[in-house]
Amino acid sequence: MGSLATSVGANHMNETIQMDTSRKIATFFLFLLVGTLLFSTASASAVEKPRQGPESLLDSYHRNRARLETSSFGLPLTVDSAELDDRVQVDVYGIFDHPFSNIVKVLKVPANWCDIVSIHPNTKACTASDLTGAWQLTFYLGTKKYQPPEDTRQVIYRYRYEDQQPGYMNVTLNADAGPFGTKDHKIRFEAVPLEGERTFVHVSYAYKDSAALRLVTKIYFATIARGKVGFSVIETDRSGNPVYISGPRGAVERSAVRYYFAIHSFMNTLRHPEENRFSMRINEWYALASRYGKQLVDMDKKDYLASKTREQKDQVKLQQQIGTGLQ
């Protein structure tokens, strides 16, 4: 009887250790995948794109025009991603039905970016600080369920808006360090005007990791997250169904599209009274994400709306503390 009890106790202990380890690994990667944000074919050219400016962006528009017109998203939207050595990048191209001048007026304001990124399920809050003319945005990253700011990880981005070239908008966010050893995070938003008061936009995100992190990531996506996929179709199965990219590229694609939908929702609700915008914004975001439940939806609508409503109140408090010099 004693040996049986010992065996049962040992088995229970082993199961407890395994469950605890799984939870820790899952939590680790939830933060990691959030860090591989804001916002096809893999190639070195997709990772390193030194050219930028209105001519380069218009070239991208003409090159992707056919794909935009036949996009499976139901919106004029394309997603490309790539991995090269220690660098991962995703590029999202799309068209907004808003005049270029309106896009510039809204998205050159740093605080508006905080209201945008906090729509993402894993971004629990964001604050904007004016450090003698140099703006800093702090992202509070966590799990998809509600978390107070003190239980999250903070990633600090330097905000820069460049308006030297007429007819071209370029916003960059740079963070030297991200979650769990990732580094050199760079988010870029570009825009150029199109005919018919439309705007062609480009959201790119890139970061670097380490060999050790890539090994752990590979294990994670082969086990706990083996069912998580992105948007790029890498092949078709025997029945002719698309097979989507998985792994880190899939994670980056999911996060980038979530942020793209957040920008889209933010712009679409500006024509409504201010007191109604937040509620409309998160409802529209969830409706867009639900079109791609396999990739983007990890919680039901009721939980998402409840979490975002609580987190928005936390964000307001954090921003007020900064504004009054308490933080």
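Per the working numbering, the very first residue in the sequence shown carries number 527; after that it's consecutive. Idealized CB from N, CA, C, for every residue including glycine. All figures in this text were calculated on a predicted structure; none of them were measured in a lab.
Of the candidates ARG591, LEU633 and LEU583, LEU633 places its Cα closest to the Cα of SER791. In this structure the region 609 to 620 touches the region 719 to 733; the number of beta carbon pairs closer than 8 Å is three or more.
GLN838 sits buried, since 16 or more C-beta atoms from the chains shown fall within 10 Å of its C-beta. A straight-line Cα-Cα distance of about 44 Å links GLU595 and THR658. Annotation for GLY776: the continuous alpha helix (DSSP H) segment containing it runs 773 to 794. Between PHE626 and PRO719 a beta carbon distance of about 3 Å is seen, short of the 8 Å cut, so the two are scored as contacting. ASN767 carries a coil assignment under DSSP once its states are collapsed to helix, strand and coil. In this structure GLY766 is exposed. Its beta-carbon is surrounded by fewer than 16 other beta-carbon atoms within 10 angstroms. A buried status is given to ARG807, since no fewer than 16 other beta-carbon atoms sit within 10 Å of its beta-carbon. At a Cβ-Cβ threshold of 9 Å, PHE787 and ILE645 count as neighbours.
THR669 counts as buried, since no fewer than 16 other beta carbons sit within 10 angstroms of its beta carbon.
As computed with DSSP, ASN696 is found in a beta bridge with GLU688 and GLU716. Of the candidates SER655, SER586 and ASN802, the residue whose Cα lies closest to the Cα of THR604 is SER586. Ranking THR653, GLN662 and TYR830 by CA distance to the CA of GLN847 puts THR653 first. By the Cβ test, the region 685 to 696 is not in contact with the region 818 to 835, since fewer than three Cβ pairs between them sit closer than 8 Å.
Non-local C-beta neighbours of GLU800 in its own chain, meaning closer than 8 Å and more than five positions away in sequence, are absent. Of SER607, GLY693 and ARG593, the smallest CA-CA separation from GLY620 is found for ARG593. Your pair THR725 and HIS624 checks out as a contact, with CB atoms roughly 6 Å apart and the cut at 8 Å. Within the DSSP bridge table, the entry for TRP661 names ASP656 as partners.
Collapsing the DSSP output to three states places HIS798 in coil. The shortest CA-to-CA distance from ALA717 to any of LYS709, TYR694, ALA701 and ASP735 is the one to TYR694. The Cβ atoms of ASN696 and LYS712 do not sit closer than 9 Å to each other. About 6 Å separates the Cβ atoms of GLN821 and GLY756, confirming a contact at the 8 Å cut-off.
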